[in-house]
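**Q** Just so we're aligned: 999 in my numbering is position 426 of the sequence shown, and the numbers increase by one with no gaps anywhere.
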Amino acid sequence: MKSLILLIAGIASAYCCCAQRDKDIPGMINASRKLRELMQSDPHRPVYHFVAPEGHAMPFDPNGAIYWKGKYHLGYIYQKFRNGKYEHVWGHAVSTDLLHWSLYPDMLNVKDGDMEEGIFSGGAFLSKEGIPHIMYHGQGASANLVAYSTDDDLRTWKKFEGNPVLKTPAADDPFGNSGKYTAWDPEGWYDKKAGCYYQISGGKTPALFKSKDMYKWSYIGRLLDSSQHWLYASEDVSCPDFFSIGGKSMLLFISHNIGAQYFIGDFANDKFSIRQHGRMNWPGGTFFAPEQLQDGKGRNIIWAWVLERKPATFPDYGWSGIMSLPRVLSLSENNILQINPPEEIKAIRLNKMEENNLTLTPNTEKLLKGKGKSVELQIELQGGITSPYGVKVFCSPDGKEETTVSYDPLKKQLTVDFIKSSVHAPVQMPSNAIFGPQMDGFPEKVSEQSAPFELAKGETLKLDIFLDRSVIEIFANSRQCVTQVVYPELESSNLLKVFSGNDKVLVKKATCWTMAETNRD
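(1) Considering only residues of the same chain and omitting the five flanking positions on each side of S960, which have a CB-CB separation below 6 Å?
(2) Which residues in the same chain as C1085 place their Cβ atom closer than 6 Å to its Cβ, once the five residues preceding and following it in sequence are excluded?
(3) Nearest CA to the CA of A1049: which residue from V978, S828, D758?
(4) Return helix, strand or coil for S774, following the three-state DSSP convention.
(5) Less than 8 Å between the beta carbons of G819 and L681, yes or no?
(6) Since Q772 and W790 should fall inside the 8 Å C-beta cutoff, what is the C-beta to C-beta distance between them, to a whole number of angstroms?
(7) Please confirm if the region 908-925 is in contact with the region 661-673, defined as three or more CB-CB distances below 8 Å between the two stretches.
(8) Please identify the residue among E928, V1078, G648, S722 whose C-alpha is closest to the C-alpha of N936.
(9) Which complete alpha helix (DSSP H) runs does the region 709-759 hold, if anything under 4 residues is left out?
(10) So the candidates are S1065, Q955, G761, S694; which of them puts its Cα closest to the Cα of T934?
(11) Between the C-alpha atoms of D889 and M1002, what's the straight-line distance to the nearest angstrom?
(12) Between which two residues does the beta strand (DSSP E) containing P813 stretch?
(13) Within this structure, are the beta carbons of I875 and Q865 separated by less than 8 Å?
(14) Return the CA-CA distance between C591 and G600, expressed in angstroms with no decimal places.
(15) Starting from A1024, trace the beta strand (DSSP E) both ways and give me its first and last residue.
(16) H706: which of K653, P914, T976, G761 sits nearest, CA to CA?
(17) Please report how far the alpha carbon of K993 lies from the alpha carbon of G695, in whole angstroms.
(18) How far does the beta strand (DSSP E) with T1087 in it extend, from its first residue to its last?
(19) In this structure, what does DSSP give as the bridge partners for V989?
(20) With DSSP as the reference, identify every bridge partner of A833, one or two as the case may be.
(21) What is the rounded straight-line gap between the Cα of P635 and the Cα of Q652?
(22) Are H646 and R1042 closer than 8 Å when you measure CB to CB?
(23) Considering only the alpha carbon of each residue, which of T723, G703, K731, Y677 lies closest to V683?
(24) Taking DSSP as the reference, what is the three-state secondary structure of N1075?
(25) Under a Cβ-count criterion, where at least 16 other Cβ atoms within 10 Å of its own Cβ denotes burial, should E1017 be classed as buried or exposed?
(26) Judging by CA-CA distance, which residue of D1037, P632, V1071, G749 is the nearest neighbour of L898?
(27) DSSP three-state call for R1042: helix, strand or coil?
(28) In angstroms, rounded to a whole number, what distance separates the CA positions of L577 and S893?
(29) For A1029, which three-state DSSP category applies?
(30) Give me, in chain order, the residues of the same chain whose beta-carbon lies closer than 6 Å to that of N1109; leave out the 5 immediate sequence neighbours on both sides.
(31) From the DSSP output, in three-state form, read off G600 for me.
(32) Nearest-angstrom Cα distance between T1087 and L1040?
(33) Whole angstroms is fine: what's the gap from D798's alpha carbon to P779's?
(34) What is the rounded straight-line gap between the Cα of L626 and the Cα of F1015?
(35) For W663, report the span of its beta strand (DSSP E) as first-last.
(36) Is the beta carbon of A638 sitting closer than 8 Å to the one on A716?
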């Protein structure tokens, strides 16, 4: 720990001592190599998920995602040390294939004289003139602000002359707005049909505003008056992302105590009429602060911050911050949300292992041919109707470590059980996502995460499971997805198994690939 602090301090010192810059270059190079080697030695650092390049990233919310001129641009919150303290700023990563990322200069940061002390959550949109803009929350300013790009490669962003575009009303607000809304995580967009800009400001009572010019905003009212029977009373609406999908409107957001979720409905005449609600995270889960863009193929693609439950990651290895794989969202013919990995994932598959038509008698388990800690496993199972069945991942040969992924046909649930995910069993993790009131009926710590999921009569269970050292992402039949972090300690915990319950299980097909590393540079 002490040596790492000295290493990072040495790098910072080398960069800051401009007068000695030429003499310090060899030392800077050596220190950078040592830090990179240290990060790469972390057995839990993913190799094909996007991760923070180095340093502290908590929070690590994706923000400002936009597809522009053939490139995917993804902003992310991280903490930069300046003037003796850490400030929240937005990093900037760019990709042409959703998998390999290049780092650009910071998308947004704080300079002396700015009204904000840090850059919090927000999103990107195109202005009436087709210029990329960002609307974000200014930490410490109780205000929402705007920035816009000044070049076609989106390397440079300039803060809006009309900032702030929204402030939390004072207690003595002369217009009577006190208590009606707060300036919090914003979402902005331009509506061509309406000929105006809209802004959602998140919080306990998310509010809707509109403007003709982005300078003067009119308060329309609460966005979600009809949402209370879907949300718990203790939940807030933060990190909102509002977009069109399959002819409907979707509000993607989080509550700080439960995590990612969404509403789908219709937006017309300044009203959002909600038709359905769904969650993307459940007690014990780690899927947080999702961000969406629409790409050149018309796909709605999201990322989310995968919350870490190993607080020692940053001080021990010099990094923190994991992004989920990109997910493609769409609506089925009956408006059910479909969730799939992007087709681009096929490009990093290596060493294919396939097996077919394996039969398991009741209450047995069987090793699969594929194995590894950074793999994709596609498996199709035909199981019974009386008890859970599924797969086990990150298994050690002696059975001391394993994480279980199961479908329960009676409870109609897809579950990740991580109680034996480490030799330090029984493993428990917080039921709350980050903070906020403890949910009634949920213990503070849990050993599994369960999501609602039901197979139709005669439907087989089709799982697409992505493992990446400490991250598990499970896509089930294209309509459910569960994300979990685990921390297996044994080097030998790389086996994959299939298991049955009280009924016979048929493995119709199982295919495993090793995944190529995309973030080791």
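Where is the CB? At the ideal position from N, CA and C, for every residue including glycine.
**A** Let's see:
(1) Counting from one through the sequence shown, the residue named residue 960 turns up at place 387. Within the same chain, S960 has close Cβ partners G1074, N1075.
(2) Position 512 of the sequence shown, counting from 1, holds the residue named residue 1085. Once the five neighbours on either side are set aside, the close Cβ partners of C1085 are M926, G943, V948, L950.
(3) As a first step, residue 1049 must be located in the sequence shown, where it is residue number 476. Of the listed residues, the one whose Cα sits closest to A1049 is V978.
(4) By 1-based counting over the sequence shown, the position of residue 774 is 201. It is a strand residue.
(5) As a working mapping, residue 819 is identified with position 246 in the sequence shown. As a working mapping, residue 681 is identified with position 108 in the sequence shown. For G819 and L681, no; Cβs fall outside 8 Å.
(6) Mapped onto the sequence shown, residue 772 falls at position 199. Mapped onto the sequence shown, residue 790 falls at position 217. The pair is a contact, with the Cβ atoms about 6 Å apart (cut-off 8 Å).
(7) yes
(8) On the sequence shown, position 363 is the one that residue 936 refers to. Comparing Cα positions, the closest option is V1078.
(9) Taken in chain order, the whole alpha helix (DSSP H) runs of length 4 or more contained in the region 709-759 number zero.
(10) Position 361 of the sequence shown holds residue 934. That would be Q955, whose Cα lies nearest to the Cα of T934.
(11) By one-based count along the sequence shown, residue 889 stands at place 316. By one-based count along the sequence shown, residue 1002 stands at place 429. Taking C-alpha positions only, D889 is separated from M1002 by approximately 20 Å.
(12) Against the sequence shown, residue 813 aligns to sequence position 240. Looking at the DSSP string, the run of the beta strand (DSSP E) that includes P813 is 811-818.
(13) Here residue 875 refers to the residue found at position 302 when the sequence shown is read from its first residue. Here residue 865 refers to the residue found at position 292 when the sequence shown is read from its first residue. Closer than 8 Å, so yes.
(14) The residue labelled residue 591 in the question sits at position 18 within the sequence shown. The residue labelled residue 600 in the question sits at position 27 within the sequence shown. Because the pLDDT at C591 is just 45, under 50, the model does not fix this residue reliably, and the value given afterwards should be weighed accordingly. Cα to Cα, the separation comes out at about 14 Å.
(15) Here residue 1024 refers to the residue found at position 451 of the sequence shown. A1024 -> beta strand (DSSP E) spans 1021-1025.
(16) Within the sequence shown, numbered from 1, the residue matching residue 706 stands at position 133. It is G761 whose Cα lies nearest to the Cα of H706.
(17) Within the sequence shown, numbered from 1, the residue matching residue 993 stands at position 420. Within the sequence shown, numbered from 1, the residue matching residue 695 stands at position 122. Between K993 and G695, the C-alpha separation is close to 38 Å.
(18) Locating residue 1087 in the sequence shown gives position 514, where the first residue counts as 1. Looking at the DSSP string, the run of the beta strand (DSSP E) that includes T1087 is 1078-1088.
(19) Here residue 989 refers to the residue found at position 416 when the sequence shown is read from its first residue. V989 is bridged to V978, Q1022.
(20) Taking the first residue of the sequence shown as position 1, residue 833 is located at position 260. In the DSSP output, where bridge partners are listed per residue, A833 has I827.
(21) The residue labelled residue 635 in the question sits at position 62 within the sequence shown. The residue labelled residue 652 in the question sits at position 79 within the sequence shown. Taking the straight line joining both Cα atoms gives about 13 Å.
(22) As a position in the sequence shown, residue 646 is number 73, starting the count at 1. As a position in the sequence shown, residue 1042 is number 469, starting the count at 1. No. Outside cutoff.
(23) By one-based count along the sequence shown, residue 683 stands at place 110. Among T723, G703, K731, Y677, the Cα nearest to that of V683 is on K731.
(24) Position 502 of the sequence shown, counting from 1, holds the residue named residue 1075. Of the three classes helix, strand and coil, the one that applies to N1075 here is coil, per DSSP.
(25) Taking the first residue of the sequence shown as position 1, residue 1017 is located at position 444. Burial call: exposed.
(26) Here residue 898 refers to the residue found at position 325 of the sequence shown. The shortest C-alpha separation from L898 is found at D1037.
(27) In the sequence shown, counting from the first residue as 1, residue 1042 sits at position 469. The answer is coil: DSSP assigns R1042 none of H, G, I, E or B.
(28) The count along the sequence shown starts at 1 and reaches residue 577 at position 4. The count along the sequence shown starts at 1 and reaches residue 893 at position 320. Residue placement at L577 cannot be trusted, given a pLDDT of 47 that sits under 50; the coordinates are not used to answer.
(29) Start at 1 with the first residue of the sequence shown, and residue 1029 comes out as number 456. Residue state, collapsed to three classes: coil.
(30) The structure shown does not extend to residue 1109, since the chain spans only 574 to 1094, so no value can be given for it.
(31) For the purposes of this step, residue 600 is identified with residue 27 of the sequence shown, where counting begins at 1. In this structure, G600 counts as helix in the three-state DSSP scheme.
(32) In the sequence shown, residue 1087 corresponds to position 514, counting from 1. In the sequence shown, residue 1040 corresponds to position 467, counting from 1. Roughly 10 Å between the two C-alpha positions.
(33) For the purposes of this step, residue 798 is taken as the residue at position 225 of the sequence shown. For the purposes of this step, residue 779 is taken as the residue at position 206 of the sequence shown. The alpha-carbon atoms of D798 and P779 are separated by roughly 9 Å.
(34) Here the question's residue 626 lines up with position 53 in the sequence shown. Here the question's residue 1015 lines up with position 442 in the sequence shown. The displayed chain sequence assigns Pro, not Leu, to residue 626. The alpha-carbon atoms of P626 and F1015 are separated by roughly 35 Å.
(35) Sequence index remark: in the sequence shown, residue 663 carries index 90 (1-based). DSSP places W663 in the uninterrupted beta strand (DSSP E) bounded by 658-668.
(36) Here residue 638 refers to the residue found at position 65 when the sequence shown is read from its first residue. Here residue 716 refers to the residue found at position 143 when the sequence shown is read from its first residue. Cβ distance not < 8 Å, so A638 and A716 don't count as in contact.
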